[in-house]
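For the sequence shown, counting from 1, position 218 maps to 218 in full-length UniProt numbering; every step adds exactly one.
Just so it is clear, CB atoms sit at the ideal spot from N, CA and C, and this is done for glycine as well.
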Amino acid sequence: MQVPAADIDQMFAHTTNLVSRNLSSKIIACSNDYFASADNVLTPTPSVSRPGVFVHTGAWYDGWETRRHNPEPYDWTVIKLGVAAAYIHGIEVHITHYIGNHGEKTELQATHAPEGSGIADPRFAGWKTLLPASPCGPSQRHGWKFPAEITQSPYTHFRLLMYPDGGFARLRLYGHAIPPPSPAVQAADVPIKELWSALGGGVARAAFDEHFTPSSNILLPDRGKDMGDGPRTSVETSLVLCACTAVWLLALLRCQADTEHVFGPDDLTGGGEDTRLFSHVKLTLVPDGGVKRFCIFGRRV
């Protein structure tokens, strides 16, 4: 189902962009990126325009751009997820700043395969089409939501096709990382880990206010780059964080709120160990403001 550009942010507000560099996703192969590197489509920030700036191949563009007059039906690039595997709910392709030199259609394929499966080979036959070839107009956002039969299958790699050639600015694949299997040992022997990161399948299910930035930012790894890289609110706010399945339980040992770049108090750390089992956590900001990251440490049981 195609999603209007104005509704894309709302539609995928409580998912994670799984092909972001923030989650260590990477390009492992592409047919051509003569004018601009395919790596650019994984940049988490919006593309920028620099009119009048030229490089050795011509005008500078912030995206993936290929040679013209492609002898093949399409150009392609293969992306490996930074997480072990993920469920995908939708795709967004940005054609921002590409006018006349944009890819006219896009297609998305996916597979679940281990390393060494020959995925980077153009002849790899294990691809499944998630989005058939679909038109892409110039200098705009294009989004599609996938049906249930697609969202319930795990994937590790994706292949983005661009017909016949040209440029795409950004790629977003929205979904949830799949957490590792539950440990087969006693809870006391399970190592303490950060449990709610997007890397492990953590999801921001609901938020009272997302005035400045989406609540899902709070689950990203690392400490971010500035105050726009975490959830910021306009009024008193509650975030409800939960794991990607209802059976994801834990023994809570420690929590930490990171307020770097939001010009408030120092990082806040919760109290001692709580040995009860939990599946959801609620964070309340009083009276309002911002928190960069929120980490829950404990043992999966």
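Tell me whether L67 sits in a helix, a strand or coil according to DSSP, three-state version. Within the sequence shown, the letter at position 67 stands for residue 67. This sequence places Arg at residue 67; Leu is not what is there. R67: coil per DSSP, three-state reduction.
Rounded to the nearest angstrom, what separates A120 and V78 at their Cα positions? Taking the first residue of the sequence shown as 1, we reach residue 120 at position 120. Taking the first residue of the sequence shown as 1, we reach residue 78 at position 78. One C-alpha to the other measures close to 7 Å.
Please return the same chain residues whose Cβ sits closer than 6 Å to the Cβ of R172, not counting the five positions on each side in sequence. Indexing the sequence shown from 1 puts residue 172 at position 172. Cβ within range, chain order: N17 and E92.
State yes or no: is the C-beta of L81 within less than 8 Å of the C-beta of V41? Position 81 of the sequence shown, counted from the first residue, corresponds to residue 81. Position 41 of the sequence shown, counted from the first residue, corresponds to residue 41. Not in contact: L81 and V41 (Cβ atoms no closer than 8 Å).
In chain order, what residues of the same chain have a beta carbon less than 8 Å from the beta carbon of R50, not counting five sequence neighbours either side? For the purposes of this step, residue 50 is taken as residue 50 along the sequence shown, with counting starting at 1. W60 and D62.
Buried versus exposed call for V286 [16 or more other C-beta atoms within 10 Å across all chains shown]: Stepping through the sequence shown from its first residue, residue 286 is reached at position 286. Classification for V286: exposed.
If we ignore side chains and look at the alpha-carbon of each, how far apart do V235 and G290 end up? For this step, residue 235 is matched to residue 235 along the sequence shown. For this step, residue 290 is matched to residue 290 along the sequence shown. Caution is warranted here: a pLDDT of 47 is assigned to V235, below 50, making its placement in the model unreliable, and no coordinate value can be reported.
Contact set for D75: own chain, Cβ-Cβ below 6 Å, skip 5 residues either direction: Indexing the sequence shown from 1 puts residue 75 at position 75. Within the same chain, D75 has close Cβ partners S31, N32, T66, M162 and D165.
Nearest-angstrom Cα distance between P46 and H97? If you number the sequence shown from 1, residue 46 lands on position 46. If you number the sequence shown from 1, residue 97 lands on position 97. Their Cα atoms are separated by approximately 11 Å.
If the criterion is Cβ atoms closer than 8 Å, does the pair V190 and R300 meet it? The residue labelled residue 190 in the question sits at position 190 within the sequence shown. The residue labelled residue 300 in the question sits at position 300 within the sequence shown. Yes, they are a contact pair.
Determine whether the beta carbon atoms of T106 and G126 lie at a separation below 8 Å. The residue given as residue 106 occupies position 106 in the sequence shown. The residue given as residue 126 occupies position 126 in the sequence shown. No, these two residues do not count as a Cβ contact at 8 Å.
From L160, L199, A169 and R170, pick the residue whose C-alpha is nearest to that of P179; which is it? Position 179 of the sequence shown, counted from the start, is the residue given in the question as residue 179. The residue with the shortest Cα to Cα distance from P179 is L199.
A148 to I88 span [Cα, whole Å]: The residue labelled residue 148 in the question sits at position 148 within the sequence shown. The residue labelled residue 88 in the question sits at position 88 within the sequence shown. In a straight line, the C-alpha of A148 is about 10 Å away from that of I88.
Look at the Cβ atom of A177, then the Cβ atom of V83, and state whether they are nearer than 8 Å. In the sequence shown, the residue the question calls residue 177 occupies position 177. In the sequence shown, the residue the question calls residue 83 occupies position 83. Yes. Within cutoff.
Residue ranges of each beta strand (DSSP E) within the UniProt domain "Allantoicase" (25-177), 3 or longer: 26-30, 75-80, 86-94, 105-111, 128-135, 141-145, 157-163 and 170-177
Nearest to I8 (by Cα), restricted to the options R141, S279 and D288: The residue labelled residue 8 in the question sits at position 8 within the sequence shown. Nearest of R141, S279 and D288 to I8, Cα basis: R141.
Sub-8 Å separation of residue 305 and E104 beta-carbons: Any property of residue 305 remains undetermined from this structure, which presents the chain solely from 1 to 301.
Can you give me the start and stop residues for the alpha helix (DSSP H) that I8 sits inside? If you number the sequence shown from 1, residue 8 lands on position 8. I8 to M11 is the span of the alpha helix (DSSP H), which, as asked, contains I8.
In three-state terms, what does DSSP make of G290? As a working mapping, residue 290 is identified with position 290 in the sequence shown. Looking at G290 - three-state DSSP - the assignment turns out to be strand.
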